[in-house]
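Peer 1:
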Amino acid sequence: MSQPARVRVLDAASIERSLTRIAHEILERNKGLSGIGLVGVQTRGVPLAQRLAATLGAIEGRTPAVGLLDINLYRDDLSRIADHPVLRRTQIPFEVDDATIVLVDDVLYTGRTVRAALDALMDLGRPRAIQLAVLVDRGHRELPVRADFVGKNVPTAPAERVDVLLRETDGSDEVVIVKPKDGRDVRGEDQG
Amino acid sequence: MNLKSRHLLGIEPLDPAEIALILDTAEGFAEIGTREIKKVPTLRGRTVVNFFVEPSTRTRSSFELAEKRLSADSLNFSSGSSSLVKGETLLDTLRNLEAMSPDFIVMRHSEAGAPHFLARYGRASIVNAGDGAHEHPTQALLDAFTIRQRKGRLAGLKVAIVGDILHSRVARSNVLLLSKMGADVVVCGPPTLLPPGIERLGAKATWRMEEAVEGADVVMMLRIQLERMRGGYFPTLREYAAFYGLTVERLARAAQDAIVMHPGPINRGVEIMGDVADGAASVILNQVTNGVAVRMAVLYLLAGGDRDAPAQER
């Protein structure tokens with residue numbers, strides 16, 4: 000069987016530039032950092048949220064709090080999937096009530112992860128607003144969900160897979176599209 | 000990764016990776032117990048029957064709370080109110096329960112192997128909540144979770160289990176689990192309450208309490224059931240307490256930061272003295288708290304749908 004083709008769509012420098020631009024857009028939209036908390040969706044949304052917080056801190060001189068959110072208990076397909084995803088930590092170090100939360104994830108795809116994340120956040124309190132920041136929007140939405148801040152829009156075919164590699168979790172920074180060569184479905188990785 | 004079986008019948012069929020998966024998953028559920036809204040929608044629409052043929056308050060309450068926090072619908076079917084007293088066979092009762100299409104049956108029974116019997120005939124996932132003197136897997140899992148929470152590990156720890164080892168499903172499940180995970184287990188009790196061949200499960204055995212507790216990282220006391228005295232296993236409760244009760248002096252022989260555990264309910268002044276049960280080393284109430292998280296993890300992991308289905312993408 001032939002190897003699937005890998006096409007790089009973002010390198011380390013462009014990931015960095017995207018996050019810097021998103022940081023500025025967050026500040027522009029919210030007129031500063033007042034009442035803002037970041038929440039990274041486990042697992043790759045977490046390092047992205049931490050990097051965004053550091054960038055925001057470098058610009059504003061004040062680093063916003065970063066929470067971690069595991070959405071697996073809120074998935075809509077638990078009765079269908081064979082392997083239950085490993086449950087990771089949920090920890091929000093700030094008051095959710097009345098906060099403006101910027102939800103951070105690596106890939107926006109069907110929108111189902113975001114739906115689950117919204118429900119999970121609502122169970123933790125009543126935020127004033129929730130905004131969505133993603134590194135990659137690959138299209139193919141199944142729910143009416145839209146990101147407020149997007150690193151890069153990447154047109155994809157449904158059979159392709161988008162891999163976000165980050166140095167914190169994978170050792171290097173890179174976004175690649177994995178294309179099937181022989182029509183074989185290369186999906187299977189969990190992505191939003 | 001998932002559990003291989005859709006039932007949790009005991010610790011014995013689990014491998015170390017499966018035990019670690021349950022304990023790791025329980026970490027995520029422990030956090031839910033600290034929230035203001037202690038409920039997640041994970042098992043919404045699933046039905047759990049708590050089928051308790053032997054009286055139990057705390058295990059059943061713990062399972063019930065775990066089910067409620069996962070948004071499952073649960074109903075209790077217990078010995079006093081059930082038709083078992085009217086002469087129905089276990090299999091007929093099972094068929095009646097299954098006619099209501101439950102997804103899980105959590106079962107406590109006085110006969111060893113009863114849940115295994117149901118697992119062979121039924122469609123629901125069976126969770127053993129204690130069968131006779133055989134196994135009580137969720138108790139051993141919550142004990143291991145509590146030890147890991149305090150000690151950061153299980154491998155290499157010295158664990159003393161003291162009391163009525165002969166009749167204790169808690170002891171059996173704990174010996175199996177702890178030795179699978181690499182802990183050194185010593186069981187201790189009067190010779191009449193130490194089952195022959197316990198070493199085959201992976202534990203050392205002694206009838207001298209001082210020897211068992213010496214240098215132990217964990218001292219796990221078992222409830223001594225008062226009716227055992229009438230069975231002639233030991234002469235009097237006072238004598239039992241004198242030889243096998245956990246006192247401050249005996250605990251001083253354990254490692255400096257040793258923890259004291261007990262599955263409850265405790266007999267103050269018999270197997271454990273009040274000042275030890277209430278002391279800084281005691282994690283007895285943490286065990287109760289952790290029991291809910293561990294049982295949520297077990298139900299969550301067993302709820303995996305079609306085990307042959309491909310991984311789904313989102």
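Going down the list, the protein sequences come from chains A and B. Take the first sequence: its position 145, counted from the start at 1, is 144 in numbering that gives the first Met the number 0, and no numbers get skipped. Take the second sequence: its position 147, counted from the start at 1, is 146 in numbering that gives the first Met the number 0, and no numbers get skipped. We treat Cβ as the ideally placed atom computed from N, Cα and C, and that holds for glycine.
Counting only runs of 3+ residues fully inside the stretch 81 to 143 of chain A, write out the beta strand (DSSP E) ranges in chain order.
Peer 2: Complete beta strand (DSSP E) runs here, min 3: 99 to 107 and 128 to 136.
Peer 1: Tell me which residue opens and which closes the alpha helix (DSSP H) that T24/B is part of.
Peer 2: It spans P15 to I31 - the alpha helix (DSSP H) in which T24/B sits, taken as one unbroken run.
Peer 1: If you run the structure through DSSP and keep just helix, strand and coil, what is A310/B?
Peer 2: Per-residue confidence for A310/B stands at a pLDDT of 43, beneath the threshold of 50, marking its modelled position as unreliable; no derived number is given.
Peer 1: Please classify P63/A as buried or exposed, where buried requires at least 16 other C-beta atoms within 10 Å of its C-beta.
Peer 2: Buried: at least 16 other Cβ atoms inside 10 Å.
Peer 1: Once the 5 residues before and after P157/A are set aside, which same chain residues still bring their CB inside 7 Å of it?
Peer 2: Excluding positions up to five away in sequence, the list reads H139.
Peer 1: I'd like to know if A153/A contacts chain B, where contact means its C-beta is closer than 9 Å to some C-beta of that chain.
Peer 2: The residue asked about is misnamed: residue 153/A is Val in this sequence, not Ala. No, because no Cβ of chain B sits closer than 9 Å to the Cβ of V153/A.
Peer 1: Taking the alpha helix (DSSP H) that K151/A belongs to, which residues open and close that run?
Peer 2: Careful: K151/A lies outside any alpha helix (DSSP H), inside the beta strand (DSSP E) at F148 to N152.
Peer 1: At a Cβ threshold of 9 Å, is I129/A touching chain B?
Peer 2: No, because no Cβ of chain B sits closer than 9 Å to the Cβ of I129/A.
Peer 1: Taking all protein chains shown into account, do 16 or more other C-beta atoms lie within 10 angstroms of the C-beta of V106/A, making it buried, or fewer, making it exposed?
Peer 2: That one is buried.
Peer 1: Only counting runs of 4 or more residues, tell me where the alpha helix (DSSP H) segments fall wholly within the stretch 161 to 201 of chain B, in order along the chain.
Peer 2: If we require 4 residues or more, the alpha helix (DSSP H) runs fully inside the stretch 161 to 201 of chain B come out as 168 to 179.
Peer 1: Tell me which residues share the same chain as L245/B and place their Cβ nearer than 6 Å to its Cβ, disregarding the 5 neighbours each side in the sequence.
Peer 2: Contacts found: M220, I271 and V275.
Peer 1: What does T24/B touch in chain A if you count any residue whose Cβ is under 9 Å from its own?
Peer 2: Correct list: H83, V85 and L86.
Peer 1: Measuring CA to CA, which of V149/A, V135/A, D162/A and T89/A is closest to L120/A?
Peer 2: Here the closest residue by C-alpha is T89/A.
Peer 1: What do you get for K157/B, buried or exposed, if any count of 16 or more other CB atoms within 10 angstroms of its CB means buried?
Peer 2: Burial call: buried.
Peer 1: If contacts are defined as beta-carbon pairs under 8 Å, then V174/B and L193/B qualify, I think. What distance do you get, rounded to the angstrom?
Peer 2: Not quite, the Cβ-Cβ distance comes to about 12 Å (not below 8 Å), so this is no contact.
Peer 1: With a Cβ-Cβ cutoff of 9 Å, do A217/A and I70/A count as a contact?
Peer 2: Since the first and last residues shown for chain A are 0 and 191, residue 217/A lies out of range.
Peer 1: Does any residue of chain A have a CB that is nearer than 9 Å to the CB of V354/B?
Peer 2: Nothing can be reported for residue 354/B, as the shown portion of chain B is limited to 0 through 313.
Peer 1: Here's the rule I'm using: 16 or more other beta-carbon atoms within 10 Å means buried, otherwise exposed. How should Q190/A be labelled?
Peer 2: For Q190/A, the predicted structure reports a pLDDT of 47, less than 50, and the residue's modelled location is therefore unreliable. The matter cannot be settled from this model.
Peer 1: DSSP state of L55/A, grouped into three classes?
Peer 2: Looking at L55/A - three-state DSSP - the assignment turns out to be helix.
Peer 1: Across which residues does DSSP place V218/B in a beta bridge pair?
Peer 2: Paired residues: A159/B and V259/B.
Peer 1: Answer with yes or no whether the minimum CB distance from T42/A to chain B is below 9 Å.
Peer 2: No, no contact with chain B.
Peer 1: Just grab the DSSP bridge partners of L68/A for me.
Peer 2: Beta-bridge pairing links L68/A to V40/A.
Peer 1: Mind listing the chain A neighbours of A292/B? Cutoff is C-beta to C-beta under 8 Å, in chain order.
Peer 2: Under the 8 Å cutoff, chain A gives no residues; its nearest Cβ is about 11 Å from A292/B.
Peer 1: Kindly indicate which residue of V169/B, P190/B, P136/B and P15/B has the alpha-carbon position closest to the one of H261/B.
Peer 2: Of the candidates V169/B, P190/B, P136/B and P15/B, the one whose C-alpha sits nearest the C-alpha of H261/B is V169/B.
Peer 1: Comparing the CB of H139/A with every heavy atom of the ligand GDP, is any distance shorter than 8 Å?
Peer 2: The ligand GDP is not among the ligands present in this structure, which contains no ligands whatsoever.
Peer 1: Can you give me the C-alpha to C-alpha distance between V269/B and T46/B, rounded to a whole angstrom?
Peer 2: Answer to the nearest angstrom: the Cα atoms are 40 Å apart.
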